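S.K.: I'd like to ask some things about the structure below.
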Amino acid sequence: AQSVSQHNHHVILSEAASLELGCNYSYGGTVNLFWYVQYPGQHLQLLLKYFSGDPLVKGIKGFEAEFIKSKFSFNLRKPSVQWSDTAEYFCAVTDSWGKFQFGAGTQVVVTP
Amino acid sequence: DAGVTQSPTHLIKTRGQQVTLRCSPKSGHDTVSWYQQALGQGPQFIFQYYEEEERQRGNFPDRFSGHQFPNYSSELNVNALLLGDSALYLCASSLETSGSPDTQYFGPGTRLTVL
Numbered sequence: 008a009q010s011v012s013q014h015n016h017h018v019i020l021s022e023a024a025s026l027e028l029g030c031n032y033s034y035g036g037t038v039n040l041f042w043y044v045q046y047p048g049q050h051l052q053l054l055l056k057y058f059s060g061d062p063l064v065k066g067i068k069g070f071e072a073e074f075i076k077s078k079f080s081f082n083l084r085k086p087s088v089q090w091s092d093t094a095e096y097f098c099a100v101t102d103s104w105g106k107f108q109f110g111a112g113t114q115v116v117v118t119p
Numbered sequence: 002d003a004g005v006t007q008s009p010t011h012l013i014k015t016r017g018q019q020v021t022l023r024c025s026p027k028s029g030h031d032t033v034s035w036y037q038q039a040l041g042q043g044p045q046f047i048f049q050y051y052e053e054e055e056r057q058r059g060n061f062p063d064r065f066s067g068h069q070f071p072n073y074s075s076e077l078n079v080n081a082l083l084l085g086d087s088a089l090y091l092c093a094s095s096l097e098t099s100g101s102p103d104t105q106y107f108g109p110g111t112r113l114t115v116l
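Shown next as structure tokens:
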């Protein structure tokens, strides 16, 4: 069975700081990888996705993620965060049947 | 272009009762998945419907059942409610293309409270 592990449950950082959220998955076959974000009071939204090709993918709002197959990782990064990036971030993996497996989420708080 | 809609927004039930939650997928989408999100947790996959059939199922008991209609909308039914069923229930829709999964678009969820 596939599983997804997010390393940090809570992250607090100041505006303009760099952000990196770790995500590791456990699955032997071909996977598709996603990062979703949930802003306060809003529903889950897609941040970025990786299906194939260039392992460095760029998403909305300046976010990017790198797929490292040998490490089973898909870490999310942003060079300079803003207060509006305060949200909960979820890493997710799907197999070829589209069965999503989400991580437990990382709550990110950006202080002014 | 309407996104994924769910009803009701909130629901309060008592133990042992049955509940039905509804979902309308994003326009043009034909696949609906249901998730349970407990407080402080990530969404847990319940099942997925495509062509009116349950295609995939997560580790949920048979008390959880669903249905997809010809217009692609879907229902989630939970029987014999337990306190532990209290959660946010999310519906997500996607478009089946060439048998490969595509991006899922999530609805706002239905907050179920079981007393």
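Going down the list, the protein sequences come from chains A and B.
Add 7 to the 1-based position in the first sequence for the working numbering, that's all there is to it.
Add 1 to the 1-based position in the second sequence for the working numbering, that's all there is to it.
Backbone N, C-alpha and C fix where the C-beta goes; we use that ideal spot for every residue, glycine too.
Remember, it's a predicted structure, so these values are computed and weren't measured experimentally.
#1: Gln-42/B to Val-117/A, Cα distance in whole Å?
#2: In the structure shown, what three-state DSSP assignment does Leu-118/B receive?
#3: Reducing DSSP to helix, strand and coil, say where Ser-25/A ends up.
#4: When the distance is taken between beta carbons, is Ser-25/A closer than 8 Å to Lys-85/A?
#5: Along the chain, which unbroken stretches of the beta strand (DSSP E) at least 3 residues long are found entirely within the stretch 59-107 of chain A?
#6: So Gln-18/B is in the beta strand (DSSP E); what residue range does that whole segment cover?
#7: If you run the structure through DSSP and keep just helix, strand and coil, what is Val-38/A?
#8: Since Phe-74/A contacts Pro-62/A with CB under 8 Å, what's their CB separation in whole angstroms?
#9: Determine the burial state of His-30/B: buried for a count of at least 16 other Cβ atoms within 10 Å of its Cβ, exposed for fewer.
#10: By Cβ distance, which residues of its chain are closer than 8 Å to Gly-17/B, with the 5 residues on each side in sequence left out?
#11: Rounded to whole angstroms, how far is the Cβ of Leu-89/B from the Cβ of Thr-15/B, which I believe are closer than 8 Å?
#12: In chain B, which residues lie less than 9 Å from Leu-28/A when you measure between Cβ atoms?
#13: Along the chain, which unbroken stretches of the beta strand (DSSP E) at least 3 residues long are found entirely within the stretch 51-79 of chain B?
#14: For the stretch 50-73 of chain B, which residues have a beta carbon sitting closer than 8 Å to at least one beta carbon of chain A?
#15: Do the CB positions of Lys-106/A and Phe-46/B come within less than 8 Å of each other?
#16: Let me know if Gln-7/B comes out buried or exposed under the rule of 16 or more other beta-carbons within 10 Å of its beta-carbon.
#17: Would you identify the three-state DSSP class for Thr-104/B, choosing helix, strand or coil?
#18: Is Lys-56/A helix, strand or coil by DSSP?
#19: Could you give the distance in angstroms between the alpha-carbon of Arg-56/B and the alpha-carbon of Val-44/A?
#20: What does Val-116/A pair with, by DSSP beta-bridge criteria?
#21: Would you list the residues sitting across from Thr-111/B in a DSSP beta bridge?
#22: At a CB-CB cut-off below 7 Å, which residues of chain A make contact with Pro-109/B?
#23: Closest to Val-18/A by C-alpha separation, out of Gly-110/A, Val-11/A, Leu-28/A and Leu-40/A, would be which residue?
M.R.: Inspection of the coordinates gives the following:
#1: 21 Å
#2: With chain B covering only 2 through 116, there is no way to say anything about residue 118/B.
#3: coil
#4: yes
#5: 63-65, 71-75, 80-85 and 94-101
#6: Note, Gln-18/B: premise wrong, no beta strand (DSSP E); not H, not E.
#7: coil
#8: 4 Å
#9: buried
#10: Ala-81 and Leu-82
#11: Contact doesn't hold; Cβ gap of about 19 Å is too wide.
#12: None at all; the shortest Cβ gap to chain B is about 13 Å.
#13: 54-58, 65-69 and 75-79
#14: Arg-56, Gln-57 and Gly-59
#15: yes
#16: buried
#17: coil
#18: strand
#19: 26 Å
#20: Ile-19/A
#21: Tyr-90/B
#22: His-50
#23: Leu-28/A
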